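In the numbering used here, the protein residues as written are 67 to 750. Note that beta-carbon positions come from the ideal geometry of N, C-alpha and C, so glycine has one too. Nothing here was measured: the structure is a model prediction, and the numbers come from that model.
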Ligand SMILES: [Zn+2]
């Protein structure tokens, strides 16, 4: 591991923060915290913590000795001084004399002694930092250190690897008891430069930021070198099928299997993030991968990301991909059953009232292919994959020098269900469409863009499909929530297939289709050029069929239902003069919607249409509005609001109708009119 300290960068940060009133020590504390936080082999997404002991002045001018310690759950890679709240040292040090301190009381004590009461909660490892006398204390969950401590009896190995310069602390759950035990180990030999925490990680300390950081990197390197020099021959590889199925062919099956059934055909769905590399595949092709996965997480705080550990499934055979859905389901069922047993057994040991979290795996290892991280959002799914990569590194190292033997699941349980850990996740309240993927054609147009934004605001990830790839990407960016843009001519079935493949590659599947793309051509029906009518049918009918077919293919693989939504226009029920080339295929699409409702209702797949009229868009441009209103001798405003409500209907109103249909879980074969009221076009 490289030591990234750079005098110039450090001094520049000190100078920049000095202008903002931040002192040298805290500025350097921020600097090395970021250095540590930027390396996944040291800390991941909110893990790890650092501190420094300085003086701070309160609002009435009193000066205090304080501990500036990382806020709970804060990401070290992007920490700011505000992310290191200052806690008065006096009260923290007094706590060491106590025999017991409940977690809630510990949090209360820390909060009560904040210099700024609006600060984030100080880390759960605050007392450990406070009880050590050094000015700077660094703590990481280094994978190389975990390779050494995730052993059945790690104490002698720690002694061999690190000698007498590092203290050894047996496993204790983070909190008051661990802080006291660690301080006792230090007091027994104050010459140590750090502490190795069994099954957990490493602390180093120093008189200045550089010394604590240098020691961290040094001891991580000592561990890395030991692992490299003492590696045993590689474990045997599993036999793989001659032809492997592709990740895309199994992703929807897997995504469907890990969705949480709420009963009555309703699901809390998850996003899947596929991750692969030579290193990942090489490791998970081991014959022992299911055994490793079953042993658990490499450091306990990963349980909030991947629960009790990964799930390993057999390699998928391309020639038997039809049978693979059942294989996945049996593995997910077994994982969930084990998880329930783990919860029930450990929950029964005390009187604490807990609610079981969903029992689904968050990381699936697929020999031959790679791994899938699962989460309610793409962000969470990616975090699960990140955790998976570091789990692999730690397990590989532990197996190289001995046998991977992490914290037992009985000891993991109080940590996974610790109120302080769960609080880190509590801020992610699900939205109505969280976990769902919507694919929108004509996505960069007025209606498409309004729909993408509204769906993303409601928690869905949008796949914005448009002829114009740049506009699609721009629309997706504006919609937010990690939405993506895809360029495709949807009258070409191969391009439609590629767009759906992209949705599967990024998110794992599709739950909602908004088949919205369309274009209008004018002319009296009896005199229409045949080629023009056929061209209109390609876009206004066959493209709807093509995208719906692809959506249904994926939805059936997932087995969690879904919804098809078609933009059919008022023309489908109430023809306008010289608009046959547009209206006739739209009428067919209205029936297409009903046919899908009929044929796939038994699979929980709903199908509805939105029947919109006179929306300012690419189909009805400002120039067209000016010409048509002029021809009728009315103002543009009168033309656009020529309906029963007397109000212009907008793309936003159409998007709202699509959202309504996505959420109305018992509505199918329906047509919703969004035209401000037009009796001639009213549906019976
Ligand atoms: Zn820790």
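Report the residue from 726, 241 and 125 whose alpha carbon sits nearest the alpha carbon of residue 524. To locate residue 524, count along the chain shown from 1; it is residue 458. Its Cα nearest to that of residue 524, the residue 726 stands out among 726, 241 and 125.
Is the beta carbon of residue 153 sitting closer than 7 Å to the one on residue 125? In the chain shown, counting from the first residue as 1, residue 153 sits at position 87. In the chain shown, counting from the first residue as 1, residue 125 sits at position 59. Taking 7 Å as the cut-off, the Cβ atoms of residue 153 and residue 125 do not count as close.
Going along the chain, which residues of its own chain have a beta-carbon closer than 7 Å to the beta-carbon of residue 413, five neighbours each way excluded? The residue given as residue 413 occupies position 347 in the chain shown. Contacts found: 420.
Any non-hydrogen atom of ligand 1 within 6 Å of residue 267 CB: In the chain shown, the residue the question calls residue 267 occupies position 201. Short note on residue 267: C-beta closer than 6 Å to some heavy atom of ligand 1.
Alpha carbon to alpha carbon, what distance is there between residue 333 and residue 199? Your numbering for residue 199 matches position 133 in the chain shown. Your numbering for residue 333 matches position 267 in the chain shown. Spanning the alpha carbons of residue 199 and residue 333 requires a straight line of approximately 52 Å.
Just how far apart, CA to CA, sit residue 347 and residue 435? Residue mapping note: residue 347 aligns to position 281 of the chain shown, counting from 1. Residue mapping note: residue 435 aligns to position 369 of the chain shown, counting from 1. Rounded to the nearest whole angstrom, the CA to CA distance from residue 347 to residue 435 is 6 Å.
Considering only C-alpha positions, which residue in the set 326, 216 and 204 is nearest to residue 269? Walking along the chain shown from the start, residue 269 turns up at place 203. Residue 204 is the option with its Cα nearest to residue 269.
Cβ distance (whole Å) where residue 518 is taken to contact residue 554 below 8 Å: Walking along the chain shown from the start, residue 518 turns up at place 452. Walking along the chain shown from the start, residue 554 turns up at place 488. Taking C-beta atoms under 8 Å as the contact rule, residue 518 and residue 554 fail to qualify, at a distance of about 15 Å.
Run through the DSSP bridge pairs and tell me what residue 437 is partnered with. For the purposes of this step, residue 437 is taken as the residue at position 371 of the chain shown. When beta bridges are read from the DSSP output, residue 437 appears opposite 341 and 431.
When burial is assigned at 16 or more other CB atoms within 10 Å of the CB, is residue 123 buried or exposed? Start at 1 with the first residue of the chain shown, and residue 123 comes out as number 57. Classification for residue 123: exposed.
How is residue 751 classed by DSSP in three states: helix, strand or coil? An answer regarding residue 751 cannot be provided, because it is not within the stretch 67 to 750 covered by the chain.
Do the segment 395-415 and the segment 501-519 make contact, defined as three or more Cβ pairs closer than 8 Å? Contact between the segment 395-415 and the segment 501-519 is absent: fewer than 3 CB-CB pairs across the two stretches fall below 8 Å.
Same chain, Cβ closer than 7 Å to residue 190, neighbours up to 5 away in sequence not counted: As a first step, residue 190 must be located in the chain shown, where it is residue number 124. If we look at residue 190 and ignore the five residues flanking it on each side, its Cβ neighbours are 138, 240, 241 and 486.
Residue environment, residue 626, which counts as buried when at least 16 other CB atoms sit within 10 Å: Along the chain shown, read from residue 1 onward, the residue named residue 626 stands at position 560. By the 10 Å Cβ count, residue 626 comes out buried.
For residue 679, which residues of its own chain have a beta-carbon under 6 Å away from its beta-carbon, when the five flanking residues on both sides are left out? Within the chain shown, numbered from 1, the residue matching residue 679 stands at position 613. Once the five neighbours on either side are set aside, the close Cβ partners of residue 679 are 636 and 741.
For residue 231, which residues in the same chain have their Cβ closer than 7 Å to its Cβ, ignoring the five residues on either side in sequence? As a first step, residue 231 must be located in the chain shown, where it is residue number 165. Counting only residues of its own chain and dropping the five nearest sequence neighbours on each side, residue 231 has a CB closer than 7 Å to the CB of 258 and 259.
From the DSSP output, in three-state form, read off residue 66 for me. This structure leaves residue 66 out entirely; the chain is present only between 67 and 750.
According to DSSP, what are the bridge partners of residue 738? In the chain shown, residue 738 corresponds to position 672, counting from 1. According to the DSSP secondary-structure assignment, residue 738 is paired through a beta bridge with 676.
Are the beta-carbon atoms of residue 472 and residue 264 separated by less than 7 Å? Translated into the one-based positions of the chain shown, residue 472 becomes position 406. Translated into the one-based positions of the chain shown, residue 264 becomes position 198. In this structure, residue 264 does not lie closer than 7 Å to residue 472 by Cβ.
Does the distance from the C-beta atom of residue 376 to that of residue 320 stay below 7 Å? Walking along the chain shown from the start, residue 376 turns up at place 310. Walking along the chain shown from the start, residue 320 turns up at place 254. It is not a contact, given that the beta carbons lie outside the stated cut-off.
The segment 79-96 touching the segment 145-161, judged by at least three CB pairs closer than 8 Å: A contact exists between the segment 79-96 and the segment 145-161.
Could you check the C-alpha separation between residue 598 and residue 667 for me, to the nearest Å? The residue labelled residue 598 in the question sits at position 532 within the chain shown. The residue labelled residue 667 in the question sits at position 601 within the chain shown. If you draw a straight line from the Cα of residue 598 to the Cα of residue 667, it comes to about 34 Å.
How about residue 306 and residue 210: do their beta carbons lie closer than 7 Å? Taking the first residue of the chain shown as position 1, residue 306 is located at position 240. Taking the first residue of the chain shown as position 1, residue 210 is located at position 144. Their beta carbons are not under 7 Å apart, which means residue 306 does not touch residue 210 by this criterion.
Would the segment 705-714 count as touching the segment 649-667 if we require 3 or more Cβ pairs under 8 Å? A contact between stretches requires three or more CB pairs, one per stretch, nearer than 8 Å, and the segment 705-714 fails this requirement with the segment 649-667.
Have a look at 702, 458 and 244 and flag the residue whose alpha-carbon is nearest the alpha-carbon of residue 166. To locate residue 166, count along the chain shown from 1; it is residue 100. When C-alpha distances from residue 166 are compared across 702, 458 and 244, the shortest belongs to 244.
Taking buried to mean at least 16 other C-beta atoms within 10 Å of its own C-beta, is residue 329 buried or exposed? For the purposes of this step, residue 329 is taken as residue 263 along the chain shown, with counting starting at 1. With fewer than 16 other beta carbons inside 10 angstroms of its own, residue 329 counts as exposed.
Could you check which residue in 313, 378, 588 and 227 has the C-alpha nearest to that of residue 644? What you label residue 644 is simply residue 578 of the chain shown in a count that begins at 1. Cα-wise, what sits closest to residue 644 is 588.
Between which two residues does the beta strand (DSSP E) containing residue 119 stretch? Mapped onto the chain shown, residue 119 falls at position 53. Start and end: 115-123.
Look at the Cβ atom of residue 358, then the Cβ atom of residue 461, and state whether they are nearer than 7 Å. As a first step, residue 358 must be located in the chain shown, where it is residue number 292. As a first step, residue 461 must be located in the chain shown, where it is residue number 395. In contact: residue 358 and residue 461 (Cβ atoms closer than 7 Å).
From the DSSP output, in three-state form, read off residue 688 for me. Within the chain shown, the letter at position 622 stands for residue 688. Helix, per DSSP.
For ligand 2, is there any heavy atom lying closer than 6 Å to the beta carbon of residue 557? Of the ligands this structure carries, namely ligand 1, none is ligand 2.
In the DSSP assignment, find the beta strand (DSSP E) that holds residue 633 and state where it starts and stops. In the chain shown, the residue the question calls residue 633 occupies position 567. Run containing residue 633: 628-633, per the beta strand (DSSP E) assignment.
Residues bridged to residue 327 (per DSSP): Within the chain shown, residue 327 is the residue found at index 261, counting from 1. 333.
Is it buried or exposed, residue 418, if we count other Cβ atoms within 10 angstroms and call 16 or more buried? If you number the chain shown from 1, residue 418 lands on position 352. Answer is exposed; the Cβ neighbour count stays below 16.
For residue 137: DSSP bridge partner residues: Taking the first residue of the chain shown as 1, we reach residue 137 at position 71. Beta-bridge pairing links residue 137 to 188.
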